[in-house]
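See structure below.
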Amino acid sequence: SQQGEEDPQALSIQEGENATMNCSYKTSINNLQWYRQNSGRGLVHLILIRSNEREKHSGRLRVTLDTSKKSSSLLITASRAADTASYFCAPSGAGSYQLTFGKGTKLSVIP
Amino acid sequence: DAGITQSPRYKITETGRQVTLMCHQTWSHSYMFWYRQDLGHGLRLIYYSAAADITDKGEVPDGYVVSRSKTENFPLTLESATRSQTSVYFCASSDYNTGELFFGEGSRLTVL
């Protein structure tokens, strides 16, 4: 398994603004997943993007994947205070079912 | 209720004692995982399992033991707890088809 590295480590924005966080990884992948963790809770799956996809949407979430740069980005549009959480990416290679996580991006949305 | 449950949610123990953290899932997922989360380290994989009676070491397995006699249960045992094992422990399971991980609410362990 390989670990993604999220950037920035922390991000603070005003409610209504867009939040963008990035993920870089090192070797080829089958898919990449994004998770959210609210303070004191377990991680929750947000979205999965496959290696043959370039962009995927889910509600206010937009994920892009650039396999040539080995990077992904998560965009949260029109952020809300409830989006305050840590966000983690998890790249997954072929035949690999275990996921490893980086330190995440801690997003603070100020009302 | 369907889901993944961990127990206990909070535990305080002393150095040298044995502690077992329980994890139970109701989906019949094949894969199960144990992570620990510490400030400055993110989540680190301790052990994982592909099926009953099949377990493998993750990044930080030292000091931990797991077993998986039934698909739905994946207990994590600290045979002789140390202060460095003070952490929040998360259990997760995943569906083979989607690869999506489902996490429990965590077990917060303090070793004095």
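The listed protein sequences correspond, in order, to chains A and B.
All residue numbers for the first sequence refer to the working numbering, where the first residue is 128 and numbers rise by one.
All residue numbers for the second sequence refer to the working numbering, where the first residue is 878 and numbers rise by one.
Every residue, glycine too, gets a C-beta built ideally from N, C-alpha and C.
Quick check for students: name the residue ranges of the beta strand (DSSP E) that lie wholly in the stretch 149-233 of chain A, counting only runs of 3 or more.
158-164, 170-177, 182-185, 188-193, 198-203, 212-219
Under 9 Å, do residue 192 of chain A and residue 147 of chain A count as touching if we go by C-beta distance?
no
Short check: CB of residue 163 of chain A to CB of residue 213 of chain A, under 9 Å?
yes
Please name the residues in the stretch 138-171 of chain A whose beta-carbon is closer than 9 Å to at least one beta-carbon of chain B, in chain order.
157, 158, 160, 162, 164, 167, 168, 169, 170, 171
Mapping DSSP to helix, strand and coil, what is residue 75 of chain A?
One cannot answer for residue 75 of chain A here, as it falls past the ends of chain A, which runs 128 to 238.
Extent of the continuous beta strand (DSSP E) run through residue 894 of chain B:
Premise fails: residue 894 of chain B is in no beta strand (DSSP E) and is neither H nor E.
Check each candidate in A:136, A:181, A:209 and name the one with the smallest Cα separation from residue 157 of chain A.
A:181
Quick one: which chain B residues come within Cβ less than 7 Å of residue 231 of chain A?
919
Nearest to residue 882 of chain B by CA position, among B:972, B:988, B:951, is which residue?
B:951
Cross-chain neighbours of residue 175 of chain A in chain B, by beta carbon under 8 Å
975, 976, 977
Taking C-alpha atoms, which residue in B:927, B:894, B:886 lies nearest to residue 958 of chain B?
B:894
Looking only at DSSP bridge pairs, what is residue 140 of chain A linked to?
A:236
Exposure label - residue 961 of chain B; buried when at least 16 CB within 10 Å
exposed
For residue 911 of chain B versus residue 925 of chain B, is the C-beta spacing smaller than 9 Å?
yes
With distances taken from CA atoms, which of A:143, A:175, A:151, A:129 is nearest residue 135 of chain A?
A:151
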